[in-house]
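The structure appears below as structure tokens.
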Amino acid sequence: QVQLKESGPGLVQPSQTLSLTCTVSGFSLTSYSVHWVRQHSGKSLEWMGRMWSDGDTSYNSAFTSRLSISRDTSKSQVFLKMNSLQTEDTGTYYCARNELGAFAYWGQGTLVTVSS
Amino acid sequence: DIQMTQSPSFLSASVGERVTLSCRASQNINKYLDWYQQKLGEAPKLLIYNTNNLHTGIPSRFSGSGSGTDYTLTISSLQPEDVATYFCLQRNSWPYTFGAGTKLELK
């Protein structure tokens, strides 16, 4: 059974760094890509980046300078780190598994609030 | 970046009605278009990928069509459980971009 679960701090202060973890089960990170997507308050979705199955990464240029995605295959975890957080980074962050090109399986999402 | 425009933004329809949602890309996306359903408080769920391929377990009342810049999601007979917001996503070019969504409610 394919599962993804995001975890993170919930509250981050402005200018600080966000660190999120996506823990997966039911598949190997060396076989499937994992994406990060965020959503502002139930509004539209924004693709942030992708960890490819071979360990390569792709990023949305809107985040390139402050976003980093990495993984630990032994722990079945994908990590997102984004620095210089501002209030507009508040939202729900999802990880999703790629299949047939699409985002076939999603985690439940984790809400991140940027506030002092 | 490719801009994705969904219409209408809001739609109210009756149970059993045929519903059509549209998504227009700012340039040709070569059928790399997916549809996602998001119910209140839940994560998005893949319905259709690559324009017209139904994802596993999705009811056959959902279908997709289109080419070039114009794409459509059709629900042949609306059911109460279809109340949700529907998003399109283009995967033809980086960065992948989503439409703003169509919120579907029951009349």
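Chains P and H, in that order, are what the protein sequence lines are. The numbering of the first sequence is the numbering used here, which starts it at 21 and goes up by one. The numbering of the second sequence is the numbering used here, which starts it at 23 and goes up by one. C-beta: ideal position from N, C-alpha, C; glycine also.
For residue i, the first and last residue of its enclosing beta strand (DSSP E)
i	result
Lys129(H)	That residue, Lys129(H), is in no beta strand (DSSP E); it is neither H nor E in DSSP.
Phe84(H)	84 to 89
Trp72(P)	First-last for Trp72(P): undefined, no H or E at that position.
Ile89(P)	87 to 92
Ile97(H)	92 to 97
Ala82(P)	Premise fails: Ala82(P) is in no beta strand (DSSP E) and is neither H nor E.
Leu43(H)	41 to 47
Sheet register partners of residue i (DSSP bridge)
i	result
Phe32(H)	Lys125(H)
Asn72(H)	In DSSP, Asn72(H) forms no bridge with anything.
Phe109(H)	Tyr58(H)
Glu26(P)	Cys42(P)
Trp56(P)	Gly69(P), Cys115(P)
Contact test: residue i Cβ vs the ligand NAD heavy atom, cutoff 7 Å
i	result
Asp109(P)	No copy of the ligand NAD appears in this structure; indeed no ligand is present at all.
Span separating the alpha-carbon of residue i from that of residue j
i	j	result
Val41(H)	Ser99(H)	7 Å
Ala35(H)	Thr96(H)	13 Å
Lys61(H)	Thr84(P)	30 Å
Cys45(H)	Gly111(P)	24 Å
Ser85(H)	Lys95(P)	38 Å
Arg117(P)	Gly38(H)	33 Å
Gly127(P)	Met71(P)	15 Å
Thr119(H)	Arg113(H)	7 Å
Met26(H)	Trp67(P)	13 Å
Ser31(H)	Gly123(H)	6 Å
In chain order, which beta strand (DSSP E) runs of at least 3 residues are fully inside the stretch 98 to 134 of chain P? 111 to 119, 122 to 126, 130 to 134
Taking a Cβ distance cut-off of 7 Å, strictly less, list which residues of the stretch 99 to 113 of chain H are near chain P, in chain order. Phe109, Arg113
Please name the residues in the stretch 41 to 60 of chain H whose beta-carbon is closer than 8 Å to at least one beta-carbon of chain P, in chain order. Listed by position along the chain: Tyr54, Asp56, Tyr58.
Against chain H: residues of the stretch 110 to 130 of chain P by CB proximity under 9 Å: Thr112, Tyr114, Ala116, Glu119, Leu120, Gly121, Ala122, Phe123, Ala124, Tyr125, Trp126, Gly127, Gln128, Gly129
What are the residues of the stretch 55 to 74 of chain P that lie near chain H, defined by any Cβ-Cβ distance shorter than 9 Å? Residues passing the 9 Å Cβ filter: His55, Val57, Gln59, Gly62, Lys63, Ser64, Leu65, Glu66, Trp67, Met68, Gly69, Arg70.
Contact set between the stretch 80 to 103 of chain P and chain H, restricted to residues whose Cβ is under 8 Å from the partner: Asn80, Ser81, Ala82
Pull out every residue of the stretch 79 to 90 of chain H whose Cβ sits closer than 8 Å to any Cβ of chain P, in chain order. none
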